[in-house]
Structure formats: C-alpha cells, structure tokens
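Visitor: Structure provided below as structure tokens; questions to follow.
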Amino acid sequence: MAQLKVLVVDDEPGIRSGVARILRNFHVTYPFMDEDYTYEVIEAATGEEGIEIVDREKPDILLLDNKLPGIQGVEVLEYVKKKNYDIVVAMITSYASLDIAVKAHNDGATDFIPKPFTPQELKSSIEQITKQQYLKRITHKLKVEGKKVRFQFLSVLSHELKAPLNAIEGYLRMMQERQMGESVSEYESAIERSLQRIGSMRNLIMDLLDFTKVNFERQVEKSREIDLREMVSMAIVTVSPYAIHKDIRFVTNINGCGKIWADPNDFEIILNNLVSNAVKYNKTGGTVTVSVDCSENEFSISVADTGIGMSKDESKMLFEEFSRIRNDKTRNISGSGLGLSIVKKVVELYHGVINVESVADNGTTFTVIIPMVQVQNIKAEI
Amino acid sequence: MNKKVFTVLVADDDPDYLFQVAYHLRKSGYEVIPVESQGEAEQVISKIRPDIAIFDLMMESDDSGFILCYKLKRKYPDVPVILATAVAKETGITFSLNSEHERDWIRADLYLEKGIRPEQLDQEIKKLLKV
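Those protein sequences? They're chains A and B, same order as listed.
Counted from 1, the first sequence has number 337 at position 337 by the working numbering; the numbering is strictly sequential.
Counted from 1, the second sequence has number 1102 at position 102 by the working numbering; the numbering is strictly sequential.
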C-alpha cells in the first residue's frame, strides 16, 4: 500500500472538505502496479499557502482552483513548473475559460476538473493522474537503471582496452631507454608479449564491432536462404590456421536440415565464436565436433571440444559481458570476454537458447537450440 | 653503512604490467614479491609483512584491490598501500583519498592511475616509506 499526497488549493472550504471526504476511502489499483495507492489530502485556502505547502510537503498531486483571493492558480502552476517539481497538476475550474485552460496546459497542467464535480468525476480524474504519475516514475527508474548498466559496461571496457595499452607502452619505454641493454635480442620476450597484447586487443575490437551490430534488433530484411553445412565449413576454415598449429581435428555431423532462412551474419557470429572457442580452449591434439540436428520443431547446433573444461561455478558467469574465466589454464589464452555474451544475444534474437555442459579437464559442449519457425521463410510461403 | 632493503608486495593479474613494475622496482633497489591474484596476495600477507604493497583494483573480482587493502591494514596497520588501476577517468569512475569519507572506505594510502612513469612510482613509494 503506497500513499500519494494530494494538495487541494481552493478558497471554498466546501470544495476542500469534499475532496478530502471523497478521497478518504478511495484507492487505485492498476494491473502493472505492485501495490494499491491511497491518498492523503492536504488543504490550502490561498495560492500563497499552497506554495508554502508545495515546498514543504512535496505533494504528488496538486488540485488547483484558478480563481483565488491572492495570487491566481496559474501563478502557483508557474511556480511548480519553475521549481521543476515532480507534481501532477489538475485545475479545478468553475467557468470554462479557453485562455486560462491554454495557459495552464502550457504550464504543465494535465487535467481539468469542472466545478462542481461529482465524487465519480473526481475519482476518475485522480485515477488517471495516478496511473500517469506511476508510469512516469517507472520510466524514470528504468532510464536510471539503463544508465547504470551502460556505465558498468563502459568502465569494464575501458579497463580491458587500457590494460594492453599500458603493457605495450611499458615495454616500448623499456626499449626506448635501453633498460635491458643495447642488443635487440635482450628484448625478444618484450616484443613477443607486446605482439600478443596487440593481437588480443584486435580481437576485442572485432568482438566489440560484432557486439554493436547485434545490440540492435533482428534485421529480417537481411535474411536469405543459408546452407548450414556451408556455414559450418566456413567457420572451420576461418579457424584452421590456429587449429593446425594446435594439431586439432574436426568432425562434422550434419543431420537432415541443410537450409534455413536467416541473416547469414548472425549465424556466422554464432558458429565462428563457438568453433574458435572450441579450438582456443582445447588441448593440443584434441578434437572439435560440430553437429547440426533438425527436427520438425527446432534445430540445434552443438560444438564439442576435448579441452580444459570448467567447473559449474565458472560456467554460470560464462555468458556475461567481459566475464572471463581466469585460472592457470586460461592465463595464456587471449579473449575479450565478449564472444559468448554476443552469441547469446544473437541466439535470443531467434528466440533460441544456448546451453553449456562441461567437465573440468575433459571438455565442453555448447548447444544452441532455435525454434524452426524462426528460421522458415514465412514470406515465401505466403 | 648498510642500507635497508625494502620489500614491496605487488599484486596484479596483468602478467606484463606485473613484470614491468617488478623489473623497475628491482632496478631501483627494492625486494619485490610479485603475485598474480588476490588469493596469492592473501597467502603472502598471512606469512610475510611487506614494507609496502601495491594492489591492482580489478583481479578475480572487481573489488579485489579494496579487499586486499582491508585485509593488509587489518593485519599490519602501519604498512602503506598503493591502489593502482586502469579504470579510466573517462568513464566517470574516480577514486581519490581526499575526503574523510573516502579514506574511511578505501583503506589505501594512495590511489594511482596505472601507466605512471617508473621514476614517479619510485618517488611515491619513497614518500610513503618516509625515506
């Protein structure tokens, strides 16, 4: 139960006590609201008194008569607007004057309650105002939360981008100042490390570009018929220089479905990330198995490796942005910590899910399951 | 005259940064204990009292550095701590130890942006060690 403060500014005592009486036992519910709203009524007989109470009590709703003995209702309204208070104002007015209505509207009055009003008229106005106020506050809250998420993202990003720069800069300075001697050979490991850091920074930047691409909505107009078999081969070709280096063997099982209707970019992101991870976190001489299975309702892509695996706790944070599992086994593997969070976002664009099963030191299997109906060419059928 | 050799505990999960800091500090005459994680740093703290410590902020968790500051100060209240991080000013996250309130929850003696020159770091350490 939440309570809203209603300030009624009117020089007629009958109106003020009427409002208090009508709202005393009134409450508003709304399907989206967590709780009911009730009302506490505060009364003011003049605009001057009204302003004083506005400053002191910060009411949520202001019911304002225009014709007052001292300053006029619209002046109180101007004051509220100037102070930028979060108050919804409704004018109570006995005679319709277009001038005042327009002015009041321009100054932010959202409702007009004709005088005299029936209890029902007042209640329905208050109900509207409450819903409006509720939505406004929720919107504001969501915006603040959105900003917070963006802020966290940026701070981690900045950390991840600056760390390699600091490292490379440090090595270059050591070289510039000949700190380890005159011979280039003294600096071999510094050069090697710098190149590695540049490589991982490049990966991060590529992933970030992907990330900005998929943060948008699914682009149906980019969909075309794609051959999954072909996409799997392409992903394997892309990663093969690295795979050859680690002596990794590929096995592919494509069962049934060949062609789907989707944005090829999206599936390139999914397959490239999963296949390259399967190589990256594999052991030398290991195997990567890529399987595609189709049933009537859904299809799945699974990528299994025989690599270092991970614990249950580690796999929980796997799909979060910038989460990287840090341990002795991953120390020399570079990654941005963005790949899987991107894959997850893309999979979700197709209303799919991604699962992970892993046994430490034994291997990991990622499985993407997407409903068939998401990748059928619906337009062609019509 | 025998000069005392100071021991510096350095914790940073960036192996390159750790290597460079350790390299420079050794060159400047310090004994360095380099560790790559909060966990390792805690083990060192439980056994050895360093003369000064330099902690990275984000290691296993985003606040590893804060936790280490706290734990070190609880065990050795007199050992000065430098908190170093690459978290940028650009993002609006800044820590400084200028107000009473900040000193209260960040238990470090100095906050440093990563990437400062080795000579500067050496000077800051000397200031904190009062030599």
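Glycine residues also receive a C-beta, built at the ideal position from the N, C-alpha and C atoms.
1. Per DSSP, which residues does Ile61 of chain A bridge with? Please list them.
2. Please report how far the alpha carbon of Lys103 of chain A lies from the alpha carbon of Arg21 of chain A, in whole angstroms.
3. Give the straight-line distance between the Cα atoms of Ile382 of chain A and Leu209 of chain A, rounded to the nearest whole angstrom.
4. With 9 Å as the threshold, decide whether the Cβ of Gln1120 of chain B is near any Cβ in chain A.
5. Can you find a C-beta in chain B that's less than 9 Å from the C-beta of Ala304 of chain A?
6. Using the Cα positions of Pro114 of chain A and Leu63 of chain A, report the straight-line distance between them to the nearest angstrom.
7. Have a look at Tyr350 of chain A and Ser358 of chain A and give me their C-alpha separation to the nearest angstrom.
8. Under three-state DSSP, which class holds Phe1006 of chain B?
9. Starting from the C-beta of Met201 of chain A, find all residues in its chain whose C-beta is less than 8 Å away, skip the five residues before and the five after it, and write them out in chain order.
10. Can you find a C-beta in chain A that's less than 9 Å from the C-beta of Gly1065 of chain B?
11. Quick one: residues in its chain with C-beta nearer than 6 Å to the C-beta of Glu182 of chain A, no 5 flanking neighbours on either side, listed in chain order?
12. Between Val1008 of chain B and the rest of its own chain, which residues show a CB-CB distance below 6 Å, the 5 nearest in sequence each way excluded?
13. Could you tell me whether the Cβ of Thr1137 of chain B comes closer than 9 Å to any Cβ of chain A?
14. Strictly by DSSP, which residues pair up with Glu78 of chain A?
15. Is the Cβ-Cβ distance between Ala190 of chain A and Met180 of chain A less than 9 Å?
16. So what's Pro1118 of chain B in DSSP terms, helix, strand or just coil?
17. Note down, in chain order, each residue of its chain lying with its Cβ closer than 7 Å to the Cβ of Asp1013 of chain B, except the 5 sequence neighbours on either side.
18. Can Thr284 of chain A and Asp305 of chain A be called in contact, C-beta distance under 9 Å?
19. In chain B, what lies closer than 7 Å to Arg197 of chain A by C-beta?
20. Between Glu169 of chain A and chain B, is the shortest Cβ-Cβ distance under 9 Å, so that the two count as touching?
21. Within the continuous alpha helix (DSSP H) that includes Val237 of chain A, where are the two ends?
22. Does any CB atom of chain A fall closer than 9 Å to the CB of Gly1029 of chain B?
23. Sorted by chain position, which residues of the same chain lie with C-beta nearer than 6 Å to Ser300 of chain A's C-beta, five sequence neighbours on each side aside?
24. Just the C-alpha distance for Val19 of chain A and Glu348 of chain A, rounded to the nearest angstrom, thanks.
25. Strictly below 9 Å CB to CB, what residues from chain A border Gly1115 of chain B?
26. If you draw a straight line from the C-alpha of Val41 of chain A to the C-alpha of Glu145 of chain A, how long is it?
27. Between His105 of chain A and chain B, is any beta-carbon pair separated by less than 9 Å?
28. Rounded to the nearest angstrom, how far is the Cβ of Ile15 of chain A from that of Ile92 of chain A, given a contact under 8 Å?
29. Restricting to Cα atoms, I'd like to know which of A:Val303, A:Val89, A:Pro116 and A:Glu121 is closest to Asn106 of chain A.
30. Going by alpha carbons, who is nearest to Asn362 of chain A out of A:Ser291, A:Val346, A:Ala278 and A:Gly352?
31. Look at the Cβ atom of Glu48 of chain A, then the Cβ atom of Gly70 of chain A, and state whether they are nearer than 9 Å.
32. Measuring alpha carbon to alpha carbon, tell me which residue in A:Phe112, A:Leu23, A:Ala2 and A:Lys58 is nearest Leu98 of chain A.
33. Evaluate Asp36 of chain A with the Cβ neighbour count: other Cβ atoms within 10 Å of its Cβ, from every protein chain shown; 16 or more gives buried, anything less gives exposed.
34. Assign Tyr134 of chain A to buried or exposed, taking buried as 16 or more other Cβ atoms, counted over all protein chains shown, within 10 Å of its Cβ.
35. Using the rule of at least 16 other Cβ atoms within 10 Å of the residue's Cβ for burial, across every protein chain shown, is Val1131 of chain B buried or exposed?
36. Let me know the secondary structure DSSP gives Val373 of chain A once reduced to three states.
Guide: Let me lay it out:
1. A:Val6 and A:Val88
2. 30 Å
3. In this prediction, Ile382 of chain A has a pLDDT of 38, which is less than 50 and means its spatial position is unreliable; what the coordinates show is noted afterwards. Looking at the two C-alpha atoms, the distance is approximately 35 Å.
4. no
5. no
6. 11 Å
7. 24 Å
8. coil
9. Leu161, Pro164 and Leu165
10. no
11. none
12. Leu1025, Tyr1030, Val1032 and Ile1052
13. Residue 1137 of chain B lies beyond the stretch modelled for chain B, which goes from 1001 to 1131, so this question has no answer here.
14. According to DSSP, Glu78 of chain A bridges with nothing at all.
15. yes
16. helix
17. Glu1036, Ser1037, Asp1056 and Met1059
18. no
19. Asp1016
20. yes
21. Leu228 to His245
22. no
23. Asp293, Thr367 and Ile369
24. 51 Å
25. Lys162, Leu165, Asn166, Glu169 and Gly170
26. 32 Å
27. no
28. 7 Å
29. A:Val89
30. A:Ala278
31. yes
32. A:Phe112
33. exposed
34. buried
35. exposed
36. helix
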